[in-house]
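So the structure is just underneath, and the comments pick up after that.
Residue numbers (the working numbering): 605 to 824.
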């Protein structure tokens with residue numbers, strides 16, 4: 605399996621307006637075998653990474669589902685959510701991000717994780733090199749969903765742009781889950797009256813943080 609898989613597309617997810625003088629922001633892996641590793645993040649008016657508190661709450665809810673999971677990180681941005689899943693035991697992670705600069709940052713972050721993992725391997729030969737089981741797709745999520753019909757993921761993390769949030773897309777995302785697979789969704793509270801309903805899925809848990817809601821679903 606190749607270390608990266610790329611498709612030549614362009615664009616970028618947008619959450620909230622805001623400006624930054626820095627070219628990159630800084631994130632860290634919060635838990636797991638790669639805890640504390642610094643990650644690059646696009647820092648501009650075009651991106652808005654999930655806050656540390658929301659991210660911690662999300663992965664507390666996802667903990668029972670991460671070990672050996674095949675994970676899809678949609679609207680990936682910096683790739684921080686998918687890499688957190690990898691740190692916590694996921695077996696495979698695919699990233700889908702439409703912007704070339706953000707995709708380059710994901711690749712840089714994966715390289716950083718890989719180098720750290722190789723160092724850890726010298727201390728524990730029983731560790732699995734799951735860092736090599738990664739694909740990065742530079743393509744619109746709509747294109748990816750259209751051209752990936754097979755349900756093959758145990759866990760999907762979707763943190764879509766709030767200014768273009770489309771509930772109709774959620775059913776297509778859920779279609780990529782295996783039976784009993786888990787969908788973790790970040791959604792805009794201010795635009796929706798309640799937690800989104802997704803065909804073929806049942807809501808397990810939900811939490812709200814300011815303008816953001818986090819919901820966990822299971823496919824039935």
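Where a beta carbon is used, it is the ideal one built from N, C-alpha and C, also for glycine.
Quick caveat, the model's predicted, so the values are computed rather than measured.
With a 10 Å radius around the Cβ and a threshold of 16 neighbouring Cβ atoms, residue 672 comes out exposed.
Straight through space, the alpha carbons of residue 698 and residue 776 are spaced by roughly 17 Å.
Taking a cut-off of 8 Å on C-beta distances, the segment 740 to 750 touches the segment 692 to 708, as three or more cross pairs fall below it.
If you draw a straight line from the Cα of residue 817 to the Cα of residue 655, it comes to about 12 Å. The beta-carbon separation of residue 774 and residue 802, rounded to 5 Å, stays under the 8 Å limit for a contact. In this structure, residue 789 sits near residue 762, with a CB-CB distance shorter than 7 Å. If you look at residue 645, you'll find it in the beta strand (DSSP E) that goes 642 to 646. A direct Cα-to-Cα measurement between residue 750 and residue 780 gives close to 11 Å. Under the three-state reduction of DSSP output, residue 769 falls in the coil class, being neither helix nor strand. Going by DSSP, residue 748 is part of no beta strand (DSSP E) but of the alpha helix (DSSP H) stretching over 745 to 751. DSSP, reduced to helix, strand and coil, places residue 639 outside both helices and strands of the structure shown, so it counts as coil. At a Cβ-Cβ threshold of 7 Å, residue 676 and residue 760 count as neighbours.
DSSP places residue 762 inside the beta strand (DSSP E), whose first and last residues are 757 to 762.
For residue 691, the uninterrupted alpha helix (DSSP H) run begins and ends at 684 to 691, by DSSP. Cβ-Cβ distances below 8 Å link residue 756 to 674, 780 and 782 in the same chain, with the five nearest sequence neighbours on each side left out; the list follows chain order.
By the beta-carbon neighbour count (other beta carbons within 10 angstroms, threshold 16), residue 640 is exposed.
Exclusion of the five residues before and after residue 687 leaves 633, 638, 643, 697, 713, 714 and 717 as the residues of its chain whose Cβ lies within less than 8 Å of its Cβ.
Per DSSP, the unbroken alpha helix (DSSP H) holding residue 658 starts and ends at 656 to 666. DSSP, read as helix, strand or coil, puts residue 678 in strand. Residue 741 carries a strand assignment under DSSP once its states are collapsed to helix, strand and coil. In summary, residue 804 is exposed, with fewer than 16 beta-carbon neighbours lying within 10 Å of its beta-carbon over all protein chains present.
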